[in-house]
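Enquirer:
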Amino acid sequence: MGVNYKADANILRNHHVMKTLPRTQFGNPILRAKAKSVPVGFLKTKEFKSLVRQMVFTMRRVGGVGLAAPQVGRSLALAVMEMRKTPMRPDLLHRGPIVIINPKILKYSQAAADDWEGCLSFTGARGVVPRAETILVRYTNETGKTITETAAGFWARIFQHEIDHLNGVVYVDRMKNMKSLTTLAELKRRMWQK
Ligand code: ZN
2 MGVNYKADAN ILRNHHVMKT LPRTQFGNPI LRAKAKSVPV GFLKTKEFKS
52 LVRQMVFTMR RVGGVGLAAP QVGRSLALAV MEMRKTPMRP DLLHRGPIVI
102 INPKILKYSQ AAADDWEGCL SFTGARGVVP RAETILVRYT NETGKTITET
152 AAGFWARIFQ HEIDHLNGVV YVDRMKNMKS LTTLAELKRR MWQK
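Per the numbering used here, the very first residue in the sequence shown carries number 2; after that it's consecutive.
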């Protein structure tokens with residue numbers, strides 16, 4: 002909270018059209034590996050800036066709210082996140098985009114909530130996942146600054162989902178009831194039937 006996203010957002014703007022990066026799909030061993038810690042020096046490279054720009058572009062283009070480097074074939078402890086309202090979730094506030102580098106969750110609230118999650122590495126699927134309501138998270142941003150943030154609600158859920166990716170964990174591992182696993186099309190059909 003209280004983080005000024007705009008001040009550090011210059012590399013997060015897309016100045017020209019890019020290609021979306023292909024997303025690794027479940028079954029790919031990179032999604033099960035612990036991602037390598039990002040050295041501070043990497044943040045100064047063109048490779049880093051280009052990777053982050055392409056990840057933000059890809060996340061937006063495919064309608065995701067988060068994308069971790071292993072999902073684009075890079076075993077690096079970094080992810081991009083941007084929360085915004087969607088037809089399924091008109092209540093969400095706009096947060097981000099942010100880059101989280103070498104993130105760590107320092108505290109989890111006892112209170113947890115169940116909600117639907119999807120993943121760009123499980124195209125077309127949704128499942129109910131329990132997550133802590135509030136977390137205290139620490140990460141390095143794209144300028145090398147250490148940020149300590151309290152996140153709550155769906156924003157906290159995105160952090161937990163993306164940080165799991167950096168530890169080789171995917172959302173289906175966190176599901177308590179596999180019977181909720183569904184395609185997005187089926188979920189929409191059920192919601193609109195009511
Ligand atoms: Zn995911």
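Glycine residues also receive a C-beta, built at the ideal position from the N, C-alpha and C atoms.
#1: Measure the alpha-carbon distance for Val63 versus Met84 and round it to whole angstroms.
#2: Compare the C-alpha of Gly67 against each of Ile99, Arg139, Phe43 and name the closest.
#3: Just checking Leu121 against the ligand ZN - is the residue's beta carbon closer than 7 Å to any of the ligand's heavy atoms?
#4: Considering Cα atoms alone, identify which of Ala70, Ser122, Val129, Lys37 is closest to Val53.
#5: When the Cβ atoms of the segment 89-108 are set against those of the segment 119-138, are three or more pairs found closer than 8 Å?
#6: Cβ of Thr141 within 8 Å of Cβ of Ile102?
#7: Using 7 Å as the cut-off, classify the Cβ of Gln161 as near or not near the heavy atoms of the ligand ZN, replying yes or no.
#8: What residue ranges within the segment 85-146 form continuous beta strand (DSSP E) runs of no fewer than 3 residues, ordered along the chain?
#9: Quick check on this structure: which residue in Ser76, Thr59, Ile31, Phe123 has the alpha carbon closest to the alpha carbon of Val39?
Expert: Once the coordinates are examined:
#1: Working through the sequence shown from its first residue, we reach residue 63 at position 62. Working through the sequence shown from its first residue, we reach residue 84 at position 83. Answer to the nearest angstrom: the Cα atoms are 13 Å apart.
#2: The residue you call residue 67 lines up with position 66 of the sequence shown. Nearest option by C-alpha distance: Ile99.
#3: Here the question's residue 121 lines up with position 120 in the sequence shown. Checking the Cβ of Leu121 against the ligand ZN gives yes.
#4: Sequence index remark: in the sequence shown, residue 53 carries index 52 (1-based). Closest by alpha carbon: Ala70.
#5: yes
#6: Position 140 of the sequence shown, counted from the first residue, corresponds to residue 141. Position 101 of the sequence shown, counted from the first residue, corresponds to residue 102. Yes. Within cutoff.
#7: Translated into the one-based positions of the sequence shown, residue 161 becomes position 160. Not so, every heavy atom of the ligand ZN lies at least 7 Å from the Cβ.
#8: 96-109, 113-118, 126-133, 135-141
#9: As a position in the sequence shown, residue 39 is number 38, starting the count at 1. Comparing Cα positions, the closest option is Ser76.
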